[in-house]
Amino acid sequence: YRKQHQAPELTYNDELCSAAQKWADHMLGIKSLGHSDTNDGENVFYSFSSVQKTPA
C-alpha cells in the first residue's frame with residue numbers, strides 16, 4: 004500500500020520507541036490515560052467488558 008502510494012518505507016526509531024515507553028510508564032504510574040505534549044501521533048485507548056467469558 005505504501006509503495007503503491009509512493010510513501011516511504013516504515014523504519015524503526017529507537018528514540019521514538021523509548022519516548023513511547025516512557026509515556027506508557029508515566030500513564031501507568033498515574034493510573035490515567037492521556038496524550039503527551041509532543042507532536043508525535045498517538046493512539047491512546049482502553050476498553051473492557053463486564054461480561055465474563057468462559058475459557059475454551
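For the sequence shown, the working numbering assigns the number 4 to the initial residue and increments by one for each residue that follows. Even glycine gets a Cβ: it sits at the ideal position worked out from N, Cα and C.
How big is the Cα-Cα spacing for residue i and residue j?
| i | j | result |
| --- | --- | --- |
| H29 | F51 | 21 Å |
| L13 | K25 | 22 Å |
| A22 | K56 | 35 Å |
| L31 | N46 | 15 Å |
| A27 | Y15 | 18 Å |
| S53 | H38 | 26 Å |
Under 8 Å, Cβ to Cβ, is there at least one residue of chain E near residue i?
| i | result |
| --- | --- |
| A10 | No chain E is part of this structure, which consists of one protein chain only. |
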